[in-house]
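The opening position of the sequence shown corresponds to residue 30 in the working numbering, with each subsequent residue numbered one higher. Heads up, the beta-carbon is just placed ideally off N, CA and C, and yes, glycines get one too. Source: prediction; values computed, not measured.
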Amino acid sequence: MIHILTMRTWTNGAGLNGRDDVLPIYIGDDRTDEDAFKFLKKKKKRGYGILVSPGPKETSAFYSLKDPSEVMEFLKSLVRWKEEEEEAN
């Protein structure tokens, strides 16, 4: 996700609003990301929040990764999955 700030009130969750053509995966590492995690967790919303934290924390994220190296491996696995899907078609 690319954050584009406007003059109005802005939250990370607002950037996910109104997009039915994508499956959002929001990766964050602190409390400022919780509004996006909560948005994705709401009933009838699609997507997954992933907290990056070396230890357990209370969060609205669906999943967690322990550090940036795990984030990189996760993202690489998404790329591999997409490439394999394209090769199969």
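- Secondary structure note for S106: its alpha helix (DSSP H) is the uninterrupted segment P97 to A117.
- DSSP places L69 within a helical segment (H, G or I) once states are collapsed to three.
- Annotation: D62 to F103 spans about 19 Å, alpha carbon to alpha carbon.
- Around V81, the same chain offers I56, G57, D58, S93, L94, K95, D96, P97, E99 and V100 as residues with beta carbons nearer than 8 Å, after the five sequence neighbours per side are excluded.
- Distance from the CA of D64 to the CA of P53, rounded to the nearest whole angstrom, comes to 14 Å.
- Scanning its chain for C-beta atoms nearer than 6 Å, with the 5 sequence neighbours on each side dropped, one finds around Y77 the residues I54 and F91, in chain order.
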